[in-house]
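Below you'll find the structure, written out as structure tokens, and then a few comments.
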Amino acid sequence: VQLQASGGGLVQPGGSLRLSCTASGSISSINVMSWYRQTPGKERESVATATSSGSTNYADSVKGRFTISRDNAKNTVYLQMNSLEPEDTAVYYCKLVLRAGLVYWGQGTQVTVSS
36 VQLQASGGGL
46 VQPGGSLRLS
56 CTASGSISSI
66 NVMSWYRQTP
76 GKERESVATA
86 TSSGSTNYAD
96 SVKGRFTISR
106 DNAKNTVYLQ
116 MNSLEPEDTA
126 VYYCKLVLRA
136 GLVYWGQGTQ
146 VTVSS
């Protein structure tokens, strides 16, 4: 299984970006798809999670600004990020958890929020 993330870049404060992550390979039933982020010297933190049942969860710091969604037919998860702040600058990683319990990570995409 491979995860390909894209959509990162440089954006001004208050701007928007949309990240996407597509899974390919020998994929059985997908359970949870998530986005994490990490800055230098800090632990990787959960940003948003979408389960197969349709429920979503968000870190308090992004509630109301970020939206996670899934296209199950395409094995793709998206993260729409609005009202971006400099504190959102990080490398963003997608994570896939199969029903069998296997966990896969994408390669990371850099998001930089700066004027």
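Oh and the sequence shown: position 5 is 40 in my numbering, straight run, nothing missing. C-beta atoms are modelled at their ideal positions from N, C-alpha and C, and glycine is treated no differently. Please read all numbers here as calculations on a predicted model, not as lab measurements.
Can you tell me which of the options puts its alpha carbon nearest to the alpha carbon of residue i?
| i | options | result |
| --- | --- | --- |
| Asp-123 | Val-132, Tyr-113 and Ala-94 | Ala-94 |
| Ser-63 | Ser-81, Asn-107, Ser-150 and Ser-90 | Asn-107 |
| Ser-81 | Pro-121, Leu-45, Ser-41 and Ile-103 | Ile-103 |
| Ser-55 | Lys-130, Val-138 and Ala-40 | Ala-40 |
| Lys-130 | Arg-53, Val-146 and Val-67 | Val-67 |
What are the partner residues of residue i, as DSSP defines its beta bridges?
| i | result |
| --- | --- |
| Val-97 | DSSP output for Val-97 lists no bridge partner at all. |
| Asn-53 | Residue 53 is actually Arg in this sequence, not Asn. In DSSP, Arg-53 forms a bridge with Gln-115. |
| Arg-72 | Glu-80 and Tyr-127 |
| Gly-44 | Val-146 |
| Val-132 | Val-67 and Val-138 |
On the criterion of 16 or more Cβ atoms from any shown chain inside 10 Å, does residue i qualify as buried, or is it exposed?
| i | result |
| --- | --- |
| Ser-69 | buried |
| Gly-141 | buried |
| Thr-144 | buried |
With a CB to CB cut of under 6 Å and the five nearest residues on each side skipped, what residues in its chain are close to residue i?
| i | result |
| --- | --- |
| Arg-100 | Asn-117 and Ser-118 |
Whole-angstrom Cβ separation of residue i and residue j, contact assumed at under 8 Å?
| i | j | result |
| --- | --- | --- |
| Arg-53 | Gly-60 | The pair is not a contact, with the Cβ atoms about 24 Å apart (cut-off 8 Å). |
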